[in-house]
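*Asks:*
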Ligand SMILES: Cc1cc2nc3c(=O)[nH]c(=O)nc-3n(C[C@H](O)[C@H](O)[C@H](O)COP(=O)(O)O)c2cc1C
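In the working numbering, the protein residues as written are 493 to 998.
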């Protein structure tokens, strides 16, 4: 928790109420999940590409509100399923244009002390060695506040854009697993903690004997090199992931420290969260150590009328086709083929394997979601992108967040925006004080001035408590540490030969 003075682990039970953790959710694009709001005069999304102060102001605001992190989505390619064309997405600004989210992170780090940065990067387009270098650099420059949202990339338009073959769903997770193991070798196993001597007298900057070349000769990747950056504060950044298919859950339960889920109702999420925690336990990890965050886009007013007015204002600027472009692409269902008021059937949504979570969301038919007609989907997905969008006072929204926490067994939320930074300001000014009053949110940290804080916790410490700078002992990356590296490699070899034998026998 960004503002926990004592850096306690996020409490999950016990005498104190379970804390609600908030992350800001954004993307380096004009239309992230509320499509058409670039027409709203109060929206600053247009400034993202033109004015670095958009990012530095946002980071300062979220830190002031005690947010754990700013979570940045990313993607390649364009949405082209709706009407079988990229035209609607390009015309409406539906996650288009899309700039690189890694670039503003150093600027934001320079104006904050505690806020974490969870940035999305795909395992499908760049070699792990290249990404290892970039993330170590960012973890150094943020003083250990860097996190990575691992995605495998599901868009065929992205594969065409980068000129690589499209890889099917489960295979992408298999490749991502190998990718992560290469990274653990580089981040955890290549440098000893004492390799950087910086000894002016002897002229030894780095002790050659304490830097290991890693030799990874895997199915997909091959690396023969030492890591090119000395160990950053966290070594491995905090690992996030967002996939809830069986393969996605297996991957997340193995590697992720935080998992990002989305659905219109907490009842949709509850079985997924249960499955994630069970899979983590089966992988030998503490299920509570995986922090689960749900996407939600609240519209909060000073009072009920103010909230309603903001919602109605947002509706005036909605570009429904922007929402449908995103919805059709993530589900694989081109809703332009259907009558606007015909409810989607099981037949319509079966046999598609893009974003399983999105497809799974369509199967839920509780009272708390609208009838799934293209017309309703257009509006729902055009504000908040098919995530929940409670409208009301801080007290009403806090009630809703508490309900989600209880029903779905989650740890917090990625708060999306309708207009930025207005929606985030409402969260900081109205929601955070309300959650504090309820004992659901850590107290404000006194401002000690620019250098007044005795020490600033790393991203991972803010999640797991003071001292937990590096991967926990029950995380698979822990085995690749410099001192135990040889054992980890031996075990990896054993596992590989067992797998090969099993494949030969079947
Ligand atoms: C809440 C949520 C957020 C996601 N954010 C991104 C993203 O920023 N970039 C991306 O390429 N994929 C994103 N995805 C897609 C996932 O990384 C994953 O590819 C997709 O969910 C397919 O995996 P699954 O079938 O296991 O759910 C997101 C998915 C969910 C559910």
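We put the beta carbon where it would ideally sit given N, CA and C, even for glycine.
Can you list, in chain order, the residues of its chain whose CB lies under 7 Å from that of residue 627, leaving out five sequence neighbours each side?
*Replies:* Here the set comprises 638, 640, 729.
*Asks:* Go to residue 742, then tell me how far its alpha helix (DSSP H) extends in each direction, as first and last residue.
*Replies:* Here the alpha helix (DSSP H) through residue 742 covers 738 to 747.
*Asks:* In the DSSP assignment, what residue or residues form a beta bridge with residue 519?
*Replies:* Paired residue(s): 565.
*Asks:* Is the region 596 to 609 close to the region 569 to 581, with three or more CB pairs under 8 Å?
*Replies:* As far as the Cβ criterion goes, the region 596 to 609 does not touch the region 569 to 581, which means the pair count is below three.
*Asks:* Apply the 10 Å Cβ neighbour rule to residue 982 and answer buried if 16 or more other Cβ atoms are within range, or exposed otherwise.
*Replies:* Under this definition residue 982 is an exposed residue.
*Asks:* Between the region 707 to 723 and the region 677 to 696, do at least 3 Cβ pairs fall closer than 8 Å?
*Replies:* Cβ pair count under 8 Å is three or more, so yes.
*Asks:* Relative to the alpha-carbon of residue 811, which residue among 527, 508, 513 has its alpha-carbon at the smallest distance?
*Replies:* Ranking the options by Cα distance to residue 811, first place goes to 527.
*Asks:* Closer than 6 Å by C-beta to residue 498: which residues in its own chain qualify, once you throw out the five before and the five after it? Chain order, please.
*Replies:* Bear in mind that a pLDDT of 34 at residue 498, under 50, signals an unreliable position, so the model cannot answer this.
*Asks:* Consider the C-beta atom of residue 612 and the heavy atoms of ligand 1; say whether any pair is separated by less than 6 Å.
*Replies:* True, at least one ligand heavy atom lies under 6 Å from that Cβ.
*Asks:* What are the boundary residues of the alpha helix (DSSP H) that includes residue 967?
*Replies:* Neither: residue 967 is in no alpha helix (DSSP H) and is coded neither H nor E.
*Asks:* Going by C-alpha distance, which of 885, 649, 789 is nearest residue 1011?
*Replies:* Within the shown structure, residues of the chain are numbered from 493 to 998, placing residue 1011 beyond reach of any answer.
*Asks:* Have a look at 974, 921, 715, 701 and flag the residue whose alpha-carbon is nearest the alpha-carbon of residue 795.
*Replies:* It is 921.
*Asks:* Taking DSSP as the reference, what is the three-state secondary structure of residue 658?
*Replies:* Here residue 658 sits in coil by DSSP.
*Asks:* Please indicate yes or no: does the CB of residue 646 lie closer than 6 Å to some heavy atom of ligand 1?
*Replies:* The answer is yes for residue 646.
*Asks:* Looking at C-alpha atoms only, which residue of 520, 542, 869, 785 is the closest neighbour of residue 835?
*Replies:* Checking every option, the nearest Cα to that of residue 835 belongs to 869.
*Asks:* At a cut-off of 6 Å, would you count residue 517 as near ligand 1, judging by its Cβ distance to the nearest heavy atom?
*Replies:* Not under cutoff, so the answer is no.
*Asks:* For residue 803, I'd like the list of residues in its chain whose CB is within less than 6 Å of its CB, leaving aside the five on either flank, ordered along the chain.
*Replies:* Within the same chain, residue 803 has close Cβ partners 791, 883.
*Asks:* Who are the near neighbours of residue 551 in its chain, counting only those whose CB is closer than 7 Å to its CB and skipping five residues on each side?
*Replies:* Closer than 7 Å at the Cβ level, and outside the excluded window around residue 551, lie 562, 600, 603, 604, 607.
*Asks:* For residue 589, collect the residues of the same chain with a Cβ closer than 8 Å to its Cβ; drop the 5 residues on either side in sequence, then sort them by chain order.
*Replies:* Within the same chain, residue 589 has close Cβ partners 521, 522, 541.
*Asks:* Note down, one range per segment and in chain order, each beta strand (DSSP E) of at least 3 residues found wholly within the region 777 to 825.
*Replies:* Entirely contained in the region 777 to 825, the beta strand (DSSP E) runs reaching 3 residues are, in chain order, 783 to 788, 791 to 793.
*Asks:* Mark residue 719 as exposed unless 16 or more other C-beta atoms lie within 10 angstroms of its C-beta, in which case mark it buried.
*Replies:* The residue in question, residue 719, is buried, as its Cβ has 16 or more Cβ neighbours within 10 Å.
*Asks:* Check whether the region 758 to 770 and the region 731 to 749 touch, using three or more Cβ-Cβ pairs below 8 Å as the test.
*Replies:* Cβ pair count under 8 Å is three or more, so yes.
*Asks:* By how many angstroms is the C-alpha of residue 828 removed from the C-alpha of residue 859?
*Replies:* Each residue's Cα considered, the two are about 25 Å apart.
*Asks:* Secondary structure at residue 697, three-state DSSP: helix, strand or coil?
*Replies:* Looking at residue 697 - three-state DSSP - the assignment turns out to be strand.
*Asks:* Verify whether the separation of the beta carbon atoms of residue 620 and residue 713 is less than 7 Å.
*Replies:* The answer is yes: Cβ separation under 7 Å.
*Asks:* Going by beta-carbon coordinates alone, are residue 904 and residue 512 separated by less than 7 Å?
*Replies:* Yes, they are a contact pair.
*Asks:* Please state whether DSSP places residue 843 in a helix, a strand or coil.
*Replies:* The predicted model places residue 843 with a pLDDT of 48, which falls under 50 and marks its position as unreliable; any figure quoted below should be read in that light. Note: residue 843 maps to coil in three-state DSSP.
*Asks:* Over what stretch of residues does the alpha helix (DSSP H) that includes residue 915 continue unbroken?
*Replies:* Note, residue 915: alpha helix (DSSP H), 914 to 918.
*Asks:* Out of 879, 909, 952, 865, point me to the one whose CA is closest to residue 530's CA.
*Replies:* Selected option, being the one with the closest Cα: 909.
*Asks:* For residue 662, which residues in the same chain have their Cβ closer than 7 Å to its Cβ, ignoring the five residues on either side in sequence?
*Replies:* Once the five neighbours on either side are set aside, the close Cβ partners of residue 662 are 739.
*Asks:* Is residue 708 near residue 674, with beta carbons less than 7 Å apart?
*Replies:* Yes, the Cβ-Cβ distance between residue 708 and residue 674 is below 7 Å.
*Asks:* Applying the 10 Å Cβ sphere with the 16-neighbour rule, what's the burial state of residue 837?
*Replies:* Exposed: under 16 other Cβ atoms inside 10 Å.
*Asks:* Just the C-alpha distance for residue 798 and residue 514, rounded to the nearest angstrom, thanks.
*Replies:* Going by the C-alpha atoms only, they are around 23 Å apart.
*Asks:* Cβ-heavy atom distance between residue 754 and ligand 3 below 6 Å?
*Replies:* Of the ligands one can find in the structure shown, namely ligand 1, none is ligand 3.
*Asks:* Measure how close the beta-carbons of residue 573 and residue 614 come, nearest whole angstrom, since I'm counting them as under 8 Å.
*Replies:* Not a contact, Cβ separation roughly 19 Å.
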